[in-house]
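Report on the following structure.
Chains as they are written, first to last, in the working numbering: chain Z, 1 to 579; chain B, 580 to 671.
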C-alpha cells in the first residue's frame, strides 16, 4: 500500500478520494503543515492541504501572516505546479471534478428513483410545450388567447371608463369651472378639449392594459414565458440568427427601452447592434390602445385576431429583417452557445398576479398623467392658435389652427397609404413622443362633440351611484364575455354596441381619405404604427446603446419600412380587392 | 464530470436547457447548478444576468413618466429565464 492510500484509508469518517497523484500531494502537504504545530492546531491538515491546492485566496492570505506559513505556501505551489503538469489543467478543476463525481455516485447509491420520480410534472409539461414541432404552435395559440382575452373581455370596462370620463368627470370639471366663473372661456376648452379629451382618451384603454398585464402575469408567474423564450430562441438559432436575440425581443412586448438594454447580454457587438435594430419591431404595450381602437372600429368581429396578427407581424418582420441583415451588413460566423435555466412550473398566486398587474397598470397611468398630459396641453395650444379664417385664440375651427396647417404639409406623403388627412398625420407626428399619444391626439384633433342628450341635471351623489351601478353592470358583461374566447357569444340578442363619436369620426375620416377603402387604410395605419419609431425614450436608448450612427439608421429605416409595408397593405389590398 | 458538462455545452448546436442537460448527462439537477456556478467562477461560462447588471444599464431619461427605478426594476420588464453563455474565448 502506497503512502497516500495508507493515509486515505486511515481517515476517519468519510473522505473524498481525489486520485492517486492528488492524494500523494495532499499527504506531502499535510506533512509540511504538521511541521508547524500552531498552523495544524488552527486548521485540519487535510482540509488545509486541499484548500491550498485549490488556490483558495482567503486561506493563502491568512497563512501569509502566520509563522511558517510561507513554507507551507511554497510547498503548496510546488505541488500545484507538479499536479498541473500531470493533469494538464487547473488543479481546482480536478478537485471539484472528483468532488462532484463522489456526490453523484453517493446520490445514485442512496436515492432510489422510480420512473415516476425521474420525470417531474414540469418535465412532463415541457416535453409537450418545448417540443420541437409543437412548441411554436402552442406559443402562437397562447398569444392568440391572450389578445382575444385582452380585447373581448375588457370591452365592457372600456365602455364604463369612457362613460365615466365623458359623463360625470367632465360634468364635475365643467361645474367647478362654472362655479369659478370660468365657464365658456378658453380655460374650459383647455380642460375639456385638451386635458380630458387627451388624457381621458388614453385612460379609457386602462382596462385593456390591465387585462393584457393580467394575462402576461399569469404566463410569467406560471413559468411559461421562459419556455416561450426557449422555443423561440431555438427557432432564431435555426434561422441563423443569434439564439439569444429573442430574449430582448420578448422584453420588448412590455417596453422597447428595457429591451434595448437587454441586448447587453449579447457578447458580440454585431449581434448586439443587429438585435437592437430589431427590438423596436416588437409591439410594446403603448401601441395596444391604437390597435384596440382601430380593430374595434374596422374589425369589430375579429378585434382580438387582428391585434394578435399585428403582434405576430412584428415578430415576423424582425425575423425576416434579421435574416437579411445577418447575411449582408452583419455577416459573421460568431457562434451563440448558451444554456437556459427553465424554472419549474408553478400555480400563479392571486397576490403575485395582482402585484404585477397593478405595478404595470399604475406605471401606465402615471405615464398618462405626465407625458400624455403635457403633450395634450401643447397640442391644445397649437390647435387654439388660428392661422386661417377669422377665429381668435381658442375660438376657432380646428381645421384653421396652426397644428392642422402644419400637418397638412405632411399629409400628402401618406396619400398612397390611404390616410392623408391632417388628423391621421398629426397622430403619427405626436406618436414620436410616445405611442399612447396617438390615441389622445386623435381624441383631440377629431374635435369630437358627444351628441347632446336631454338628460336631467344630476347631483354629485346621483353621479357616484350611476358610476357604481354601471361598474357592476360592466362586471356582469365581462363575465358574460368570457365564453367569447371559445367563440360563444352571449350578447347576440342585445345587438351590436353603438360606436362612440370618436370611433365614428375616425371611421368617416379614413373612409374619406382612402376613397372608400377605410378598412385597408386602417390596417395600413396600424402597420405603420407597429413599424415606425416607438418613442423618444427608445431613440435616446438607441443612441446610448448603439451609438448615434445606428440610431439614425434605425429611425430612418423604421420610417421607410413603415411606409413601404403600409403601402403594400393598402395598395396590395386594393389590387386584390380585399376591402 | 465537470469537463463533460462544459464539453456538452460547447458542442451544442442550439440553445440548451439545464433540465435536458441534467437528464442527458445523468447528473442531479442540484449538482449541475453547482457545476455551472463553478465554471462561471472559472470564467468559462458567463452569468448573463450578472453581466447585464454589472454594465449598469440605466434608463436614459431616468423616467419615462412611469416612475422608472432603473432598467432592472422597470415595471414593464418581462421576467426572463436565467442564461449562461460560453465565454467568447472558449468557443471551439
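For glycine and all other residues, C-beta sits at the position ideal for the given N, C-alpha and C. Here the structure is a predicted model, which means the values were calculated and not measured.
Under 8 Å from the C-beta of residue 598 of chain B: neighbouring residues of chain Z: Neighbours of residue 598 of chain B on chain Z, chain order: 122, 123, 126, 342.
Cβ-Cβ distance between residue 94 of chain Z and residue 19 of chain Z below 9 Å: yes
Option nearest residue 471 of chain Z by Cα separation, candidates Z/482, Z/86, Z/160, Z/21: Per the C-alpha coordinates, the member of Z/482, Z/86, Z/160, Z/21 positioned closest to residue 471 of chain Z is Z/160.
Beta carbon proximity, residue 100 of chain Z to chain B, threshold 9 Å: yes
Closer than 9 Å to chain B by CB, residue 359 of chain Z: yes
Which residues DSSP lists as bridging residue 523 of chain Z, in chain order: The partner list for residue 523 of chain Z (beta bridge, DSSP) is empty, contrary to what the question assumes.
Minimum length 3: unbroken beta strand (DSSP E) runs contained in the stretch 320-391 of chain Z: 338-341
Contacting positions in the stretch 655-666 of chain B - beta carbon closer than 7 Å to chain Z: If the cut-off is 7 Å between Cβ atoms, the stretch 655-666 of chain B has 655, 656, 657, 658, 659, 660, 661, 662, 663, 664, 665 near chain Z.
Same chain only: Cβ atoms within 8 Å of residue 192 of chain Z, ignoring 5 sequence neighbours per side: 170, 173, 174
Assigned exposure category for residue 445 of chain Z - 16 Cβ within 10 Å defines buried: buried
8 Å contact criterion, which residue 307 of chain Z and residue 318 of chain Z should meet: CB distance rounded: About 17 Å; that fails the 8 Å criterion.
Closer than 9 Å to chain Z by CB, residue 592 of chain B: yes
Cross-strand partners of residue 83 of chain Z (DSSP beta bridge): DSSP output for residue 83 of chain Z lists no bridge partner at all.
Contact residues within the stretch 252-283 of chain Z, judged by C-beta distance below 8 Å to chain B: 253, 254, 255, 257, 258, 261, 262, 264, 265, 267, 268
Cβ-based burial, residue 519 of chain Z [other Cβ within 10 Å; buried from 16]: buried
Cutoff 9 Å: residue 234 of chain Z Cβ touching any chain B Cβ: Residue 234 of chain Z counts as touching chain B.
Proximity winner among Z/397, Z/510, Z/62, relative to residue 419 of chain Z (alpha-carbon distances): Z/510
Local Cβ density within 10 Å of residue 409 of chain Z, reported as buried at 16 or more and exposed below that: exposed
Three-state class that DSSP yields for residue 56 of chain Z in the structure shown: coil
Local conformation of residue 531 of chain Z per DSSP, three classes: The answer is helix: DSSP assigns residue 531 of chain Z an H, G or I state.
Integer-rounded CB distance, given that residue 526 of chain Z should sit under 8 Å from residue 432 of chain Z: At roughly 17 Å, the Cβ-Cβ gap does not stay under 8 Å, so residue 432 of chain Z and residue 526 of chain Z are not in contact.
Segment contact flag, the stretch 250-267 of chain Z with the stretch 151-168 of chain Z, C-beta cutoff 8 Å, min 3 pairs: no
Residues from the stretch 71-101 of chain Z in contact with chain B, defined by Cβ distance under 7 Å: Answer set for the stretch 71-101 of chain Z: 93, 96, 97, 100, 101.
Helix, strand or coil at residue 300 of chain Z [DSSP, three-state]: Residue state, collapsed to three classes: coil.
Contacts of residue 244 of chain Z in chain B (Cβ-Cβ under 9 Å): Contact note: residue 244 of chain Z reaches chain B through 594, 627, 662, 664, using a C-beta cutoff of 9 Å and chain order.
Pick from Z/137, Z/557, Z/572, Z/569 that is closest to residue 281 of chain Z, judged by C-alpha positions: Z/557
Span of the alpha helix (DSSP H), counted from its first residue to its last, around residue 148 of chain Z: Segment 135-148, the alpha helix (DSSP H) holding residue 148 of chain Z.
Spatial distance of residue 596 of chain B from residue 503 of chain Z (CA atoms): 48 Å
Minimum Cβ-Cβ distance from residue 617 of chain B to chain Z less than 9 Å: yes
Per DSSP, cross-strand counterpart(s) of residue 401 of chain Z: Z/386
Contacts that residue 103 of chain Z makes with chain B (C-beta to C-beta distance below 7 Å): 610
Whole-Å CB distance - residue 416 of chain Z paired with residue 400 of chain Z, under 8 Å assumed: Not a contact, Cβ separation roughly 27 Å.
Bridge-paired residues (DSSP) for residue 663 of chain B: Z/339, B/626
7 Å CB neighbourhood of residue 340 of chain Z in its chain, flanking five on each side removed: 230
Contact with chain Z by residue 621 of chain B, beta-carbon distance below 9 Å: Yes, because at least one Cβ of chain Z sits closer than 9 Å to the Cβ of residue 621 of chain B.
Of the listed residues Z/152, Z/284, Z/212, nearest to residue 474 of chain Z (C-alpha basis): Z/152
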